[in-house]
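Chemist: Just so you know, the sequences run in chain order H and L. Mapping the first sequence onto the working numbering, position 199 (from 1) lands on 205, and the numbers just tick up by one. Mapping the second sequence onto the working numbering, position 2 (from 1) lands on 8, and the numbers just tick up by one.
Number of protein chains: 2
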Amino acid sequence: VIETTDLHKIYTMGDEEVHALAGVSLRIERGEMVAIMGPSGCGKSTLMAILGALDKPTGGVYRLDGVEIGQMSDDRLSDIRNNRIGFVFQKFNLLSRSTALENVALPLVYAGIPARERRERAERALEIVDLKARMKHKPNELSGGQQQRVAIARALVNRPSIILADEPTGNLDSRTGEDILRLFQELHQTQGITLVIVTHAAEVAERAGRVISMRDGVIVDETVQTS
Amino acid sequence: VIETTDLHKIYTMGDEEVHALAGVSLRIERGEMVAIMGPSGCGKSTLMAILGALDKPTGGVYRLDGVEIGQMSDDRLSDIRNNRIGFVFQKFNLLSRSTALENVALPLVYAGIPARERRERAERALEIVDLKARMKHKPNELSGGQQQRVAIARALVNRPSIILADEPTGNLDSRTGEDILRLFQELHQTQGITLVIVTHAAEVAERAGRVISMRDGVIVDETVQTS
Ligand SMILES: Nc1ncnc2c1ncn2[C@@H]1O[C@H](COP(=O)(O)OP(=O)(O)OP(=O)(O)O)[C@@H](O)[C@H]1O
Ligand SMILES: Nc1ncnc2c1ncn2[C@@H]1O[C@H](COP(=O)(O)OP(=O)(O)OP(=O)(O)O)[C@@H](O)[C@H]1O
Ligand SMILES: [Mg+2]
Ligand SMILES: [Mg+2]
């Protein structure tokens, strides 16, 4: 379902060039659960942004369901970002003037869901990540791990078929992180969701069917695991 | 050096009261290395903000070097925050319009250090966290783990005698996280720095002399470890 061919991403700063991605080719099948690991700065978030149609590569091709992303209309891209893919950002990207509930409901606004159903579904998503008691808090009235869980709830609320999660447990204690992981695995097993998780944690990676390792903008290893 | 007696922190939101801290008493000796662990939302960052003189408790007393923080003048508090304590924030709190180098140099500006020495010391601090190649990048031109390391470098640059680090390795791969940990341990062992680290990672906590566990705004356990 996800296929990249020789992706490059170059940032130009004055006379300096940063090769964030230097030729990444990968293929993720529908319903797979894949972990991406690698040292700080090696290009994981850059790759995720391209997979999530949030950024364009400088070179190479990205095909989603066989269609080249670079050739899609803005409408189609928008639909993919809002309905097809759920994205958990490494830095959460919550709206600071909205409550947890409003933040989680936002993808439903874009999907044209009516207000009452939005509220019910957003409350349900917050309940699943154990945050219903904090749903009226704004992000600066939440702990780091609570903000991370709001970001996770928001990524799930539109029932996407692909979830891209960039370090979703980085700010969570092991028990809460375990709950989130079990939630992801359940979505994966019961609904066949395709799951790509960037993680630094071995305990997360070992639940994946495959672990892709990156270094300096390229893939250096792939390990198939049977859990 | 750090002593709290029955600290309380209550946030009032409309008719709801959140007891972020519900009676925290602890004592940290000069030169100790202490880890603080506990579930997401249990009060760790709230406690750290009070220890760092960045927030006031609603109740209870905090003594730093035997002097009650609540009775100190603004000048003295300012001096403590800028020169005595180095704080690594869970959300980094970098200035988005300044480069990594400028962000790291900021505490030196407050300390009245001249420009050339500021630049040399800030470069040195970035080198220590392996980020000299990125020193001209702004935060949004850095990866999550690189931003975290800039926050760490900034906390160290004024050579504080106390370091309060709120989840300093949450966004780092295990090798980079290990480098940071070894750096903290070295400062601890060679310079007798007092180190308080909030962490979710067992591999960080096991390097501490003592692990304090929190839950629902109180301390529930303390374990002394000999490493
Ligand atoms: N400004 C605020 N207004 C209301 N409640 C708040 C505010 N700031 C924090 N809280 C609440 O206080 C509690 C403690 O927050 P704190 O940030 O100290 O948790 P934490 O232990 O650091 O969690 P984490 O591991 O997720 O970072 C949380 O339940 C949070 O929702
Ligand atoms: N806008 C930008 N301009 C210049 N360089 C950038 C920009 N964004 C990212 N980079 C650089 O690209 C490289 C890859 O960044 P990326 O965020 O993908 O890393 P990462 O693997 O997610 O790291 P981490 O594990 O620390 O989150 C980094 O070295 C970073 O400094
Ligand atoms: Mg990243
Ligand atoms: Mg916290």
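Positions of the beta carbon are idealized from the N, C-alpha and C atoms, including for glycine.
List, in chain order, every chain L residue whose beta-carbon is nearer than 8 Å to that of Q96/H.
Modeler: G150, N177
Chemist: Can you give me the Cβ contacts of V230/L inside the same chain, cut-off strictly under 6 Å, excluding the 5 residues immediately before and after it?
Modeler: R216
Chemist: Three-state secondary structure (DSSP) at H194/L?
Modeler: helix
Chemist: Opposite L70/L in the DSSP bridges: which residues?
Modeler: I8/L, V73/L
Chemist: Please report the Cβ distance between P63/L and I56/L, rounded to the nearest whole angstrom; I am assuming they are in contact, meaning their Cβ atoms lie under 8 Å.
Modeler: 5 Å
Chemist: Quickly, what does DSSP pair V135/L with across the bridge? List them, please.
Modeler: DSSP output for V135/L lists no bridge partner at all.
Chemist: Can you name, in chain order, every residue of its own chain whose Cβ lies under 6 Å from the Cβ of S104/L, other than the five neighbours on each side?
Modeler: Here the set comprises nothing.
Chemist: Going along chain L in order, which residues have a C-beta closer than 7 Å to the C-beta of R181/H?
Modeler: P45
Chemist: Would you kindly check if the distance between the Cβ of D172/L and the Cβ of V135/L is under 8 Å?
Modeler: no
Chemist: What's the C-alpha gap between A161/L and K15/H?
Modeler: 32 Å
Chemist: Compute the Euclidean distance between the alpha carbons of I34/H and I8/H, then round it to the nearest angstrom.
Modeler: 5 Å
Chemist: Could you give the DSSP three-state label for K15/L: helix, strand or coil?
Modeler: strand
Chemist: Flag T52/H as yes when its Cβ comes closer than 7 Å to any non-hydrogen atom of ligand 2, and as no otherwise.
Modeler: At least one heavy atom of ligand 2 lies closer than 7 Å to the C-beta of T52/H.
Chemist: Name, please, each residue of chain L whose Cβ falls closer than 7 Å to the Cβ of H206/H.
Modeler: Taking a Cβ-Cβ cut-off of 7 Å, the neighbours of H206/H in chain L comprise L178, D179, S180, given in sequence order.
Chemist: Quickly, what does DSSP pair S219/L with across the bridge? List them, please.
Modeler: M43/L, D227/L
Chemist: In chain order, what residues of the same chain lie with their CB nearer than 8 Å to the CB of P166/H, ignoring the 5 residues before and after it?
Modeler: N89, R90, I91, G92, I199
Chemist: Would you mind working out which of L189/L, V40/L, P145/L sits nearest E228/L, comparing C-alpha positions?
Modeler: V40/L
Chemist: Can you grab the Cα-Cα spacing for the pair A234/H / V163/H, in whole Å?
Modeler: Shown here, chain H extends from 7 to 233; a query on residue 234/H therefore has no answer.
Chemist: Figure out for me which residue from D80/H, G65/H, S102/H, D61/H has the closest Cα to the Cα of A28/H.
Modeler: G65/H
Chemist: Run through chain L and tell me which residues come within less than 9 Å of S51/H, C-beta to C-beta.
Modeler: Residues of chain L passing the Cβ test: S149, G150.
Chemist: Counting pairs of Cβ atoms below 8 Å between the stretch 182-200 of chain L and the stretch 134-150 of chain L, do you hit three or more?
Modeler: Contact holds: three or more Cβ-Cβ distances are below 8 Å.
Chemist: Residues of the stretch 11-36 of chain L with a CB closer than 9 Å to any CB of chain H: list them in chain order, please.
Modeler: Within the stretch 11-36 of chain L, the residues whose Cβ lies closer than 9 Å to some Cβ of chain H are Y17, M19, G20, E22, V24, A26, listed in chain order.
Chemist: Please go through the stretch 145-210 of chain H and give each complete beta strand (DSSP E) segment of 3 or more residues, from N-terminal end onward.
Modeler: 168-172, 200-204
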